[in-house]
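Student: Can you read through this structure? Questions will come right after.
4 protein chains.
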Amino acid sequence: MGSTWGKRLKISIYGESHGAAIGVVIDGLPSGVAIDEAQVVKEMQRRAPGTQAGSTPRKEPDLPTILSGIYQGKTTGTPLAVEILNTNQHSSDYEGFVTTPRPGHADYTSRLRYKMNNDPRGSGHFSGRLTAPILFAGAIAKQVLKAKTGTEIYGHIIRIGKIAAESWEEAETPVVPAEGAFPQENESLAARMKEEIDAARAETDSVGGIVEVMATGFPGGIGSPMWDTVESSFAQLAFGVPAVKGVSFGSGFAVAERRGSVNNDHLSFDGDKLRMTTNHGGGFEGGISNGMPILAQVAFKPTPSIAKEQDTVNLETKENVKIEIPGRHDACIVPRALPVVEGCLALALLDCLMGKGEYGV
Amino acid sequence: MGSTWGKRLKISIYGESHGAAIGVVIDGLPSGVAIDEAQVVKEMQRRAPGTQAGSTPRKEPDLPTILSGIYQGKTTGTPLAVEILNTNQHSSDYEGFVTTPRPGHADYTSRLRYKMNNDPRGSGHFSGRLTAPILFAGAIAKQVLKAKTGTEIYGHIIRIGKIAAESWEEAETPVVPAEGAFPQENESLAARMKEEIDAARAETDSVGGIVEVMATGFPGGIGSPMWDTVESSFAQLAFGVPAVKGVSFGSGFAVAERRGSVNNDHLSFDGDKLRMTTNHGGGFEGGISNGMPILAQVAFKPTPSIAKEQDTVNLETKENVKIEIPGRHDACIVPRALPVVEGCLALALLDCLMGKGEYGV
Amino acid sequence: MGSTWGKRLKISIYGESHGAAIGVVIDGLPSGVAIDEAQVVKEMQRRAPGTQAGSTPRKEPDLPTILSGIYQGKTTGTPLAVEILNTNQHSSDYEGFVTTPRPGHADYTSRLRYKMNNDPRGSGHFSGRLTAPILFAGAIAKQVLKAKTGTEIYGHIIRIGKIAAESWEEAETPVVPAEGAFPQENESLAARMKEEIDAARAETDSVGGIVEVMATGFPGGIGSPMWDTVESSFAQLAFGVPAVKGVSFGSGFAVAERRGSVNNDHLSFDGDKLRMTTNHGGGFEGGISNGMPILAQVAFKPTPSIAKEQDTVNLETKENVKIEIPGRHDACIVPRALPVVEGCLALALLDCLMGKGEYGV
Amino acid sequence: MGSTWGKRLKISIYGESHGAAIGVVIDGLPSGVAIDEAQVVKEMQRRAPGTQAGSTPRKEPDLPTILSGIYQGKTTGTPLAVEILNTNQHSSDYEGFVTTPRPGHADYTSRLRYKMNNDPRGSGHFSGRLTAPILFAGAIAKQVLKAKTGTEIYGHIIRIGKIAAESWEEAETPVVPAEGAFPQENESLAARMKEEIDAARAETDSVGGIVEVMATGFPGGIGSPMWDTVESSFAQLAFGVPAVKGVSFGSGFAVAERRGSVNNDHLSFDGDKLRMTTNHGGGFEGGISNGMPILAQVAFKPTPSIAKEQDTVNLETKENVKIEIPGRHDACIVPRALPVVEGCLALALLDCLMGKGEYGV
């Protein structure tokens, strides 16, 4: 049951990179929400290969076909299923990795787990390609959230390798990167981040990064501690995205260095409107939303597929060997991962929001 | 359903700080595991107030009474319930906070969520006291894990405010802090961390920190991506612990600064035994355990209860006011939180482990 | 995770018959509902031994102690925990059954399942006594349902052994048995049912029966097919009550004998009010409530504990042997089970109701 | 989240009758089980229209296309997705039912639930056609169960209208109806059942029935009371199949008429092999399997779609009106439903079986 997530809104992801199709069933959406499919496709193109700095030259059109759950342009309230056909596959690239696992990949662990029965082609169910249906579900969730509450979701990159940018911690409404541009609003930093990726690529290497996502307009009072909260749900979801190694909210790990007198978000009336004077908590106290922008950071490791020679083993001969991974790889997955993380936030927010019941929860 | 966690091993936490009792029901334990209750109590005493540097002088004996699920010293396989009676309560300390919410606390958000019906005394269900039953469940899980797989769990503090210590990232078996001592194995750093806490207390302030936990001996091949994994389950659980703002694994957020050639964990045969030459992944690839030590970090914000004057509001009069929080508070929660985080890791590991089926999952 | 039930409203039952206590944690209740504890106790006394025709002369006061979740007389919205202390136990009655299993009991199957580690005293977690916390949760759910929707729940016995009574299938508001009387509104049938029980007892035997429960005032449009429905949830819950062997709705198994032209419930306007002219469907079409009374039947097998000599085996010697079960047993569990089934209906209705979201599910 | 079922084995059903496709994602299968797709198709043909006595002349090829989860003929252990394209749709047949609901259908209740947003064509997600993906999942579960434990699943019809046949209650291995024949092993009764269906059809009416399913070879000791049991899981699942109004196990509702001395299943050694001398419990005591055949009955109401004139309402004009339902309908759904119920049993058994852990649950 590993690829199923959600409490009220359930998503069930399927597919292998080089199988017939990948897709997702989304169960639990409210009925009657108009869905703009063109907007969903636009979101998915942000993740598509070849459209982002640092991304692989592979072309995956990633066009989603909706099979159910939308009728006359609106959600039916019954399950929404989508499929994305797989094309443009070069399965022969991947054959040896069952015996000679790639460092940093699931080749070895999936062999332990599935006893050599899982589909190894293109990393199978472990492929980054499986983030396309997560993103699809997230793009639907974004539209539902916006329709129901006016919530908007934004994202940017705050680190690529050694190049760091400012968090939106202080912002109530963020300055957003231009559409289609590298997703960092400071153009000078954006240029340096791209250089960092180019430098990694030039050395047949890869580089990691951190994305930050923000939701504005999300209502206060949502979430049920201890574990039916946006924080727990988003973290659970985000750690299912390949290469994620850290999740934080608000000021994140920096809170550990602070005094309480500095870190506490104070309350203040601005006329009739109650707000926090800072947002170190990232929109929560005690697991419940407080009406401030929701703010989260997600750390990605560098893409493990690199052409540089690396050490590994031959599991049949039990010898230590060298490996060079040929093929088309992203030097940095972070720009393509950003819309996926935004989608994860939308899904976590919507799942919690749906817990607010007409009968008084 | 906020205070219930788990897929196969379910824990259901209950209680308010100043109610009759707090406790937990643990459902799904394997039968026939001998439980050392004295060891459980010892674990709980690590969390008890007044026993740790920086902790409040309140005395809570925290003695757990097991009501079911253990027979003749062993787990029955049916639910294990425990209760911890509440004593030594000063409810009057908390009365005003419904109207004048404390910064950094759930006073305001719980009011939004429960419409003034939740028990505000001692922060009610939001009290840090509710980590006692989590810890109890974790202490049971530790013993079951050890009995079934030999897995051992360790923890230490790697940051208090400005004082940082080394991660166990490089260690296969960690150098562990002495029992009963401040939980940092480097005595000089331990002393400086205590000073950091003392300095905060002297200024009627508080300070945050980071704990790191490690599990050795956990089998490889455990976990089902995308979301039925130790990473997703631990993160979900840990973000339910009050004051947690970040969770990471292995090298954590530092992976974002690295090249793939540096970050990838290489495989190597050491005789017959396969291992990774580094452990930047913290024991996982693709969400499945790889046989290396499991390593995670959790960031805690500074305790929000401080005696210093702070800004807040009066929700009745809609005025901005000042607040000073009297009473007995921890200047730093981190030392007491450490065994709770260890317990969370034990619970996440055991829940995933129980998914390994006799019939071939 | 066997003793945990519910999607939005979670109940986690614990305890063994002769352990320290039994109880339940109810997670997910709405906040702010006034709870009449005296009414809850009254419900529980309907299940208590010695208070019903055919019941065992054992005295179990079954007084529940609420430990959390109620503050100033109202639900807090955080988990409600209750415990019922065990007293008046005669554990020695049960010792031999581990080796010589009682027919119709879980002695043998629990041995298979728990490998002799479960608590056998008083049947441990398998005891009918464990229906007390289910009933407690149901009694709370009844009050919440009534407060939120005006829904009332009724029950009666429609069969004891050979004596059958009329279903409430035709009733919009049922004629209810007098409080404290045998729960069958037809006094003549009630008398004959009691005779049926007395006759079984006189022969040191037992007898089965069928209970029927009804909810009036439950809103239409509740439930999400295929499986998040009152029917699926109630059936799942009811089959967890010891001795239940069948569950049906509306006309139940009788529908199998009918033509569609007879069985279909027709729609009709009665002034402005839409209703069905019959209620063969028991309040549902397609898994969604239709505003008619909810109607369900539950079949109970005769109590397996009888003093008559029976065949069984000695699991140590592998010989076939005879067994006579001494002790205090119910000749018929059905009257005491009735409030438990009513409670199950309340829980299933409330769990589904809570799925109706403020944001448009 | 209504169309998602399962604890360890999760199925997520999607689709509307006249949408692009219907299908299911099955998550949690063990890896490495060889799947005979031809056998799956054969199972699905048992449900296909036009192939059974009493069924509609519509032709739905119902050919499943597996999209993921099988590699080189074996389960991968990652999600198995299937889709069945919709063809041969006559959507105009259904248009008026949103305003003039058909008696016995979900037309009115789905309008309440989804506020006229659900797809009404061919009954949308409420169509009996949605049992095809349930059956597909069940057919996969059957093969996995057989591979892992040797369990075989059988089914027959024990009632059509007034014609009843014997239960398999007494059988350890059932006498099975001939493949392709009407599913009742007594040819004379089979003929009379067919006559009952023909008579209903001749009068433009329909008729209900009861199916019985049996599993042999299922291991004892499986299931965790109170609710993680085959009984609770099967009942939950079966009540999601359209037209089901009752579920029972073993002797079913007949136990209510019995004395304990008659109903109790006695234990006996037959050489070394322990068995029950009867199987009134249907393979369970206390919710745990006892090694006897698993036996369950499911009651189906007569198909609500009949051409006879019926009373209903016009929801727009608020008038009482008459309705005649044109189109192609089954006079009796029971023969086509039988393999679906067998599949439900396979799913419930497999889900519980997967709970038996390598680490000692």
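Residue numbers (the working numbering), protein chains in the order written: chain A, 1 to 361; chain B, 1001 to 1361; chain C, 2001 to 2361; chain D, 3001 to 3361.
For each residue, glycine too, the CB sits at the ideal point set by N, CA and C.
Just so we're clear, the structure is a prediction, and the values are computed from it rather than from any experiment.
Got a sec: which bits of the segment 2246-2270 of chain C sit with their beta carbon under 9 Å from any beta carbon on chain D, in order along the chain?
Tutor: Correct list: G2246, V2247, S2248, F2249, G2250, S2251, G2252, F2253, A2254, V2255, A2256, E2257, R2258, R2259, G2260, S2261, V2262, N2263, N2264, D2265, H2266, L2267, S2268 and F2269.
Student: Considering S68/A, what are the terminal residues of the beta strand (DSSP E) in which it resides?
Tutor: Counted from its first residue, the first sequence places residue 68/A at position 68. Here the beta strand (DSSP E) through S68/A covers T65 to S68.
Student: Could you tell me whether the Cβ atoms of V361/A and V298/A are closer together than 8 Å?
Tutor: For this step, residue 361/A is matched to residue 361 along the first sequence. For this step, residue 298/A is matched to residue 298 along the first sequence. Contact flag unset, no.
Student: Using 8 Å as the Cβ pair cut-off and three pairs as the minimum, do the segment 2124-2139 of chain C and the segment 3235-3250 of chain D touch?
Tutor: Short answer: they don't touch.
Student: Going by DSSP, which residues form a beta bridge with R2159/C?
Tutor: Locating residue 2159/C in the third sequence gives position 159, where the first residue counts as 1. Answer is A2164/C and I2210/C.
Student: When Cβ atoms are compared, which residues of the segment 3196-3212 of chain D fall closer than 7 Å to chain C?
Tutor: Cβ contacts with chain C come from A3200, D3205, S3206, V3207, G3208, G3209 and I3210.
Student: Which of helix, strand or coil does DSSP assign to K115/A?
Tutor: Walking along the first sequence from the start, residue 115/A turns up at place 115. It is coil, neither helix nor strand.
Student: So, for P101/A: in the same chain, excluding its five sequence neighbours on each side, which residues have a beta-carbon less than 8 Å away from its beta-carbon?
Tutor: If you number the first sequence from 1, residue 101/A lands on position 101. So the list reads D107, Y108, R111, T312, V313 and L315, once near-sequence residues are dropped.
Student: When Cβ atoms are compared, which residues of the segment 2118-2144 of chain C fall closer than 9 Å to chain B?
Tutor: Residues N2118, D2119, P2120, R2121, G2124, H2125 and F2126.
Student: Evaluate Q3039/D with the Cβ neighbour count: other Cβ atoms within 10 Å of its Cβ, from every protein chain shown; 16 or more gives buried, anything less gives exposed.
Tutor: As a first step, residue 3039/D must be located in the fourth sequence, where it is residue number 39. Under this definition Q3039/D is an exposed residue.
Student: Is there a Cβ from chain D that is less than 8 Å from the Cβ of P79/A?
Tutor: Along the first sequence, one-based indexing puts residue 79/A at 79. It does: the Cβ of P79/A has a partner Cβ on chain D nearer than 8 Å.
Student: With burial defined as no fewer than 16 other Cβ atoms inside 10 Å of the residue's Cβ, what is the status of G3282/D: buried or exposed?
Tutor: Here residue 3282/D refers to the residue found at position 282 of the fourth sequence. Result: buried.
Student: Please determine if the segment 114-129 of chain A and the segment 3074-3084 of chain D are in contact, where contact requires at least 3 C-beta pairs separated by less than 8 Å.
Tutor: Yes, they touch.
Student: By a C-beta neighbour count over all protein chains shown, 10 Å radius and 16 as the cutoff for buried, is T3303/D buried or exposed?
Tutor: Walking along the fourth sequence from the start, residue 3303/D turns up at place 303. Its Cβ being crowded by 16 or more others within 10 Å, T3303/D is buried.
Student: Just to make sure I have the definition right: I need the residues of chain C whose C-beta is within less than 9 Å of the C-beta of D1027/B. Which are they?
Tutor: Counted from its first residue, the second sequence places residue 1027/B at position 27. Within chain C, the residues near D1027/B are M2001, G2002, S2003, T2004, S2012, I2013 and Y2014.
Student: Roughly how many whole angstroms lie between the Cα atoms of W227/A and V1340/B?
Tutor: The count along the first sequence starts at 1 and reaches residue 227/A at position 227. The count along the second sequence starts at 1 and reaches residue 1340/B at position 340. Whole-angstrom Cα-Cα distance: 15 Å.
Student: Just checking I2222/C against the ligand NAD - is the residue's beta carbon closer than 7 Å to any of the ligand's heavy atoms?
Tutor: In the structure shown, the ligand NAD is absent, as is every other ligand, since no ligand is present at all.
Student: Measure the CB-CB distance between G1343/B and A1139/B and report whether it falls below 8 Å.
Tutor: If you number the second sequence from 1, residue 1343/B lands on position 343. If you number the second sequence from 1, residue 1139/B lands on position 139. Yes, these two residues count as a Cβ contact at 8 Å.
Student: What does the Cβ neighbour count give for D2062/C, buried or exposed, with the cut at 16 atoms within 10 Å?
Tutor: Sequence index remark: in the third sequence, residue 2062/C carries index 62 (1-based). D2062/C should be labelled buried.
Student: Report the rounded CA-to-CA distance for Y1174/B versus L3085/D, giving the unit in angstroms.
Tutor: Against the second sequence, residue 1174/B aligns to sequence position 174. Against the fourth sequence, residue 3085/D aligns to sequence position 85. The question names Tyr, but residue 1174/B in the sequence shown is Pro. Taking the straight line from one Cα to the other gives about 57 Å.
Student: On the DSSP bridge assignment, give the partners of F3269/D in chain order.
Tutor: As a working mapping, residue 3269/D is identified with position 269 in the fourth sequence. The partner list for F3269/D (beta bridge, DSSP) reads L3274/D.
Student: Looking only at its own chain, which residues have a Cβ that is under 7 Å from the Cβ of D1351/B, when we skip the five neighbours before and after it?
Tutor: By 1-based counting over the second sequence, the position of residue 1351/B is 351. The answer, listed in chain order, is G1006, K1007, R1008, L1009 and S1233.
Student: Can you give, in chain order, each stretch of the beta strand (DSSP E) that sits fully within the segment 1126-1203 of chain B and has at least 3 residues?
Tutor: Whole beta strand (DSSP E) segments, 3+ residues: 1152-1160.
Student: Would you kindly check if the distance between the Cβ of A3331/D and the Cβ of A3200/D is under 8 Å?
Tutor: On the fourth sequence, position 200 is the one that residue 3200/D refers to. On the fourth sequence, position 331 is the one that residue 3331/D refers to. It is a contact, given that the beta carbons lie within the stated cut-off.
Student: Along chain D, which residues have their Cβ under 9 Å away from the Cβ of Y359/A?
Tutor: Sequence index remark: in the first sequence, residue 359/A carries index 359 (1-based). Neighbours of Y359/A on chain D: none; closest Cβ ~15 Å, over 9 Å.
Student: Is N320/A helix, strand or coil by DSSP?
Tutor: Counted from its first residue, the first sequence places residue 320/A at position 320. Reduced to three states, the DSSP call for N320/A is strand.
Student: Provide the residue span of the alpha helix (DSSP H) that contains S1261/B, from first to last.
Tutor: By 1-based counting over the second sequence, the position of residue 1261/B is 261. Here the alpha helix (DSSP H) through S1261/B covers G1260 to N1263.
Student: Assign T3109/D to one of three DSSP states: helix, strand, or coil.
Tutor: Within the fourth sequence, residue 3109/D is the residue found at index 109, counting from 1. Residue state, collapsed to three classes: helix.
Student: Go ahead and pull the three-state DSSP assignment for D2351/C.
Tutor: Counting from 1 along the third sequence, the entry for residue 2351/C is found at position 351. It is helical.
Student: Answer with buried or exposed for K1301/B, where buried requires no fewer than 16 other C-beta atoms within 10 angstroms of its C-beta.
Tutor: Numbered from 1 along the second sequence, position 301 holds the residue referred to as residue 1301/B. Buried, because 16 or more other Cβ atoms sit within 10 Å of the Cβ of K1301/B.
Student: So Y1071/B contacts chain C; which residues on that side make the cut at Cβ distance below 9 Å?
Tutor: Along the second sequence, one-based indexing puts residue 1071/B at 71. The answer, in chain order, is E2016, G2019, N2117, N2118, D2119, P2120, R2121 and G2124.
Student: So G250/A packs on A1256/B, CB below 8 Å; how close in whole Å?
Tutor: If you number the first sequence from 1, residue 250/A lands on position 250. If you number the second sequence from 1, residue 1256/B lands on position 256. With a Cβ gap of about 18 Å, G250/A and A1256/B do not count as contacting.
Student: Confirm, please, whether the CB-CB distance from G3287/D to P3242/D is below 8 Å.
Tutor: Here the question's residue 3242/D lines up with position 242 in the fourth sequence. Here the question's residue 3287/D lines up with position 287 in the fourth sequence. Their beta carbons are not under 8 Å apart, which means P3242/D does not touch G3287/D by this criterion.
Student: Taking a contact to mean a Cβ-Cβ separation below 8 Å, would you say V2373/C touches L2029/C in this structure?
Tutor: No answer is possible for residue 2373/C: it lies beyond the span of chain C, which begins at 2001 and ends at 2361.
Student: Any idea what DSSP makes of L1085/B, helix, strand or coil?
Tutor: Sequence index remark: in the second sequence, residue 1085/B carries index 85 (1-based). Note: L1085/B maps to strand in three-state DSSP.
Student: Tell me the DSSP secondary structure of F2218/C in three-state form.
Tutor: Locating residue 2218/C in the third sequence gives position 218, where the first residue counts as 1. Note: F2218/C maps to coil in three-state DSSP.
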